[in-house]
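A.B. asks: Chains as they are written, first to last, in my numbering: chain D, 318 to 469; chain L, 318 to 469; chain R, 318 to 469.
We treat Cβ as the ideally placed atom computed from N, Cα and C, and that holds for glycine.
Fair warning: this is a prediction, and the values are worked out from it, not measured in the lab.
Below is the structure I would like to discuss, written out as structure tokens.
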Amino acid sequence: MTPEERVLSLGLQIPAASAPAGLYAPAVRSGSLLYVSGQLPMVNGQLLRTGHCGAGLSTEECAALARQCSLNALGAVRGELGSLDRVVRAVRVAGYVASAAGFVDHPLVINGASQVLIDVFGEAGRHARVALGVAELPRGAPVEVEYLFEVA
Amino acid sequence: MTPEERVLSLGLQIPAASAPAGLYAPAVRSGSLLYVSGQLPMVNGQLLRTGHCGAGLSTEECAALARQCSLNALGAVRGELGSLDRVVRAVRVAGYVASAAGFVDHPLVINGASQVLIDVFGEAGRHARVALGVAELPRGAPVEVEYLFEVA
Amino acid sequence: MTPEERVLSLGLQIPAASAPAGLYAPAVRSGSLLYVSGQLPMVNGQLLRTGHCGAGLSTEECAALARQCSLNALGAVRGELGSLDRVVRAVRVAGYVASAAGFVDHPLVINGASQVLIDVFGEAGRHARVALGVAELPRGAPVEVEYLFEVA
């Protein structure tokens, strides 16, 4: 199955690329690399949750938010390339988790983002990754995820 | 107008590349990509301000600091390439904002950095971006910005 | 001397690539770029220390932890390429330091990581860099470092 066929088969809801929150582009291509801007867990222009992971937000809830970031990233990729089938592989994911003091399960949170890429692209979705806990994220989001893809 | 002509026309003050604060290079080229090290809001070797955005530093003041980061980055680009006219496009900007608890306007702060790139390179200055709030930055800087350019 | 000869000459202990802490790969190659996932100061599957730099951990201790991150990264590079001699140059290092309030010596900490690259690759080990202070890191690590290399 191609990535687009997997999206259909899995019933994933991939939104259109959203308008950037500032003076930047949703995604920029340079050679065979496609840089996707930091994605927040937005649906229809609204953050699903605000707050810090580990303070009223469980690891599982935060992983679900990270999953939404990846769905939004796929929307940005489609907006730039027209089809997810033009993705050769996921290269890098950087996952930023707004963290209450003592919250250290960032890898489990960002797995929610990584799983979407593996679901859609198979082993070509497996990427290099960094995950870390930050003080605050734009609009009070609990999670932000940035992506780099190799494209045809 | 070329980028260098725009710099002149706008009267932008672009400093010479500053010495790195550690065991690294101001910028490194690999193929057509130029990676510029994290820039602080320094002028003549001094930080313009220290502190955290949202704690005695307004969003507007922090955006002005981010603007200085971009001017310094252009100095690093010139130091590496000789001329800004060899830049094909801005590819990625990562903006790190030292954030007081509850400060979430990182996109507005980093717009100060992004605007300089659009002023100098036009639409080729528009980039993929991530903006986030961190705990502390080197020397107590309120803002640090990292850059990736495609070059000829 | 080649990088592998320098490793021998310096007596550096480079571990085998460790298993990722989540749904990602230790390193991913795209064209001539090798992206290495965020490395923690682990030895034999155990973190050397936990905590925040500036709170019971000195700058020197944190720099030693950052050094271990680079040794682990070289293990990931070897795991992907077979030999460090296939590295053309270090391109980018991103150093994340779990920081107590007021700790701002991130560049000195990340120098511990950078020095290893210069020791092993000579001037080809000098890289673009960003260093910053974050709230929390995975498993409570005081330091995490991410790497980008150009490879043959």
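How would you write the range of the alpha helix (DSSP H) that Gln356 of chain D sits in, first residue to last?
C.D. replies: The sequence position of residue 356 of chain D within the first sequence is 39, counting from 1. Not the alpha helix (DSSP H): Gln356 of chain D falls in the beta strand (DSSP E), residues 350-356.
A.B. asks: Check the C-beta distance from Ala415 of chain L over to Val468 of chain L and give it rounded, since I have them as a contact under 8 Å.
C.D. replies: As a first step, residue 415 of chain L must be located in the second sequence, where it is residue number 98. As a first step, residue 468 of chain L must be located in the second sequence, where it is residue number 151. The pair is not a contact, with the Cβ atoms about 30 Å apart (cut-off 8 Å).
A.B. asks: What's the gap between the Cα of Ala393 of chain D and the Cα of Ala333 of chain D?
C.D. replies: Position 76 of the first sequence, counting from 1, holds the residue named residue 393 of chain D. Position 16 of the first sequence, counting from 1, holds the residue named residue 333 of chain D. If I take the Cα positions, the gap works out to 7 Å.
A.B. asks: Check the DSSP bridge columns for Phe466 of chain R and list the partner residues they point to.
C.D. replies: Locating residue 466 of chain R in the third sequence gives position 149, where the first residue counts as 1. The partner list for Phe466 of chain R (beta bridge, DSSP) reads R:Leu351, R:Ala407.
A.B. asks: In its own chain, which residues sit with a C-beta less than 6 Å from the C-beta of Thr367 of chain R, not counting the 5 before and 5 after it?
C.D. replies: Sequence index remark: in the third sequence, residue 367 of chain R carries index 50 (1-based). Excluding positions up to five away in sequence, the list reads Gly457.
A.B. asks: In the DSSP output, what is Val460 of chain L paired with across the bridge?
C.D. replies: By 1-based counting over the second sequence, the position of residue 460 of chain L is 143. Looking at the DSSP assignment, Val460 of chain L forms a beta bridge with L:Val414.
A.B. asks: Any beta carbon from chain R within less than 8 Å of Leu454 of chain L's own beta carbon?
C.D. replies: For the purposes of this step, residue 454 of chain L is identified with residue 137 of the second sequence, where counting begins at 1. Judged by the 8 Å Cβ criterion, Leu454 of chain L is in contact with chain R.
A.B. asks: Would you mind sorting Glu461 of chain L into buried or exposed? The rule is 16 or more other CB atoms within 10 Å of its CB.
C.D. replies: On the second sequence, residue 461 of chain L is found 144 positions in, with the first residue counted as 1. Buried, by the Cβ-count rule.
A.B. asks: Looking at the C-beta of Val414 of chain R, does it have a partner C-beta in chain D at a distance below 8 Å?
C.D. replies: If you number the third sequence from 1, residue 414 of chain R lands on position 97. Not an interface residue.
A.B. asks: Does the Cβ of Gly362 of chain D have 16 or more other Cβ atoms within 10 Å, making it buried, or fewer, making it exposed?
C.D. replies: By 1-based counting over the first sequence, the position of residue 362 of chain D is 45. It is exposed - the Cβ of Gly362 of chain D has fewer than 16 other Cβ atoms within 10 Å.
A.B. asks: Identify the continuous alpha helix (DSSP H) that holds Ala380 of chain L and give its terminal residues.
C.D. replies: In the second sequence, counting from the first residue as 1, residue 380 of chain L sits at position 63. Residues 376-398.
A.B. asks: Listing by chain order, which chain R residues have their CB less than 8 Å from the CB of Arg443 of chain D?
C.D. replies: Numbered from its first residue, the first sequence carries residue 443 of chain D at position 126. Here the neighbours are Leu340, Tyr341, Ala342, Val345.
A.B. asks: Under 9 Å Cβ-Cβ, which residues of chain L neighbour Val431 of chain R?
C.D. replies: Indexing the third sequence from 1 puts residue 431 of chain R at position 114. Note that residue 431 of chain R is Ser in the sequence shown, not Val. The contacting residues are Gly339, Leu340, Tyr341.
A.B. asks: Taking only the alpha-carbon atoms, compute the straight-line gap between Leu351 of chain D and Pro424 of chain R and give it to the nearest angstrom.
C.D. replies: In the first sequence, residue 351 of chain D corresponds to position 34, counting from 1. In the third sequence, residue 424 of chain R corresponds to position 107, counting from 1. Computed Cα separation, rounded: 30 Å.
A.B. asks: Roughly how far, in whole angstroms, is the beta-carbon of Arg323 of chain R from the beta-carbon of Val437 of chain R, given that I think they are within contact range, below 8 Å?
C.D. replies: Residue mapping note: residue 323 of chain R aligns to position 6 of the third sequence, counting from 1. Residue mapping note: residue 437 of chain R aligns to position 120 of the third sequence, counting from 1. Going by Cβ atoms, the distance from Arg323 of chain R to Val437 of chain R rounds to 5 Å, so yes, they are a contact pair.
A.B. asks: For a quick check, are the C-beta atoms of Ile435 of chain R and Arg395 of chain R less than 8 Å apart?
C.D. replies: As a first step, residue 435 of chain R is located in the third sequence; it is residue number 118 there, counting from the start. As a first step, residue 395 of chain R is located in the third sequence; it is residue number 78 there, counting from the start. Contact check for Ile435 of chain R against Arg395 of chain R fails: the beta carbons are separated by 8 Å or more.
A.B. asks: Would you say Arg395 of chain R lies against chain L (beta-carbon separation less than 8 Å)?
C.D. replies: Counting from 1 along the third sequence, the entry for residue 395 of chain R is found at position 78. False, the Cβ-Cβ gap to chain L never drops below 8 Å.
A.B. asks: Would you mind giving the Cβ-Cβ distance between Ala407 of chain R and Arg384 of chain R, rounded to the nearest angstrom? I have them listed as a contact below 8 Å.
C.D. replies: Position 90 of the third sequence, counting from 1, holds the residue named residue 407 of chain R. Position 67 of the third sequence, counting from 1, holds the residue named residue 384 of chain R. Not really, about 15 Å apart at Cβ, beyond 8 Å.
A.B. asks: DSSP puts Ala344 of chain L in a beta bridge; with which residues?
C.D. replies: Within the second sequence, the letter at position 27 stands for residue 344 of chain L. The secondary-structure analysis by DSSP pairs Ala344 of chain L across a beta bridge with L:Val353.
A.B. asks: Just to confirm my understanding: we take Ala381 of chain R, look at its own chain, exclude 5 residues before and 5 after, and list those with CB closer than 7 Å. What are they?
C.D. replies: Numbered from 1 along the third sequence, position 64 holds the residue referred to as residue 381 of chain R. Excluding sequence neighbours, Ala381 of chain R sits near Gly429.
A.B. asks: Using 8 Å as the limit for Cβ to Cβ distance, is Arg409 of chain L near chain D?
C.D. replies: Walking along the second sequence from the start, residue 409 of chain L turns up at place 92. Closer than 8 Å: yes.
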